[in-house]
Amino acid sequence: MIYEKAATADELKDGEKKKVILENNVILLANLNGTYYALDNKCPHMGGSLADGTLEGTSVVCPRHGTAFDVRTGAVTKNGKLAFISVKTTNARTYPVRVEDGDVLVGIE
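Just so you know, the UniProt record's numbering puts 42 at position 42 of the sequence shown, and the rest follows in order with no gaps.
Next comes the structure, spelled out in structure tokens:
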């Protein structure tokens, strides 16, 4: 696994998120209480950009259909709706993150 620099630690304040592109991976990077998390930016349900969604507590909510994912684990915390019908989706892929010398590094394969 290769760790790539995604941001500097001071770029994202607590409760902020942003989209980063590392190699061919489009990743959502989030800071929760000083801990950084990374997951696929593309919603597994219908491909919405999670970076365009809202961060609510530990979950990011897809702007397309309201599916919510725990940014720490990628687990679905709320299924979205399509025409008032709840739609089940798969968990989002997560990436390992570490901070070294003030840089936020994301592990990619």
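Glycine residues also receive a C-beta, built at the ideal position from the N, C-alpha and C atoms.
{"Item": "Beta-carbon gap between Glu16 and Asn33 smaller than 7 Å", "Value": "no"}
{"Item": "Reference Ala6; option with closest CA among Asp14, Leu12, Val20", "Value": "Val20"}
{"Item": "Simplified DSSP state of Leu50, which is helix, strand or coil", "Value": "helix"}
{"Item": "Three-state class that DSSP yields for Thr73 in the structure shown", "Value": "coil"}
{"Item": "Expected contact under 8 Å - CB spacing of Gly38 and Tyr3 to nearest Å", "Value": "Note on residue identity: the sequence assigns Ala, not Gly, to residue 38. In fact, because the Cβ distance is near 11 Å, the residues do not count as touching under 8 Å."}
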